[in-house]
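For reference, the structure is listed below as structure tokens.
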């Protein structure tokens, strides 16, 4: 998931010849960034749940 978002971001940044306006690039970056943030939040929440529910702590 993370690599997909980064690849999409790099593709947007490195392909100005595709006819994308600056607004479209910014929107793509925001979307990729929000996907990364959401994925990171899910991972941290699941890690916290595992730590809270683990019997050896």
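Numbering (this note's numbering), first residue to last: 7 to 63.
Each residue gets a CB set at the ideal place from its N, CA and C atoms; glycine is no exception.
One alpha carbon belongs to residue 58, the other to residue 28, and they sit about 45 Å apart.
In the displayed model, residue 27 falls within coil according to three-state DSSP, outside both helix and strand. Taking the Cα positions, residue 45 is about 10 Å away from residue 51.
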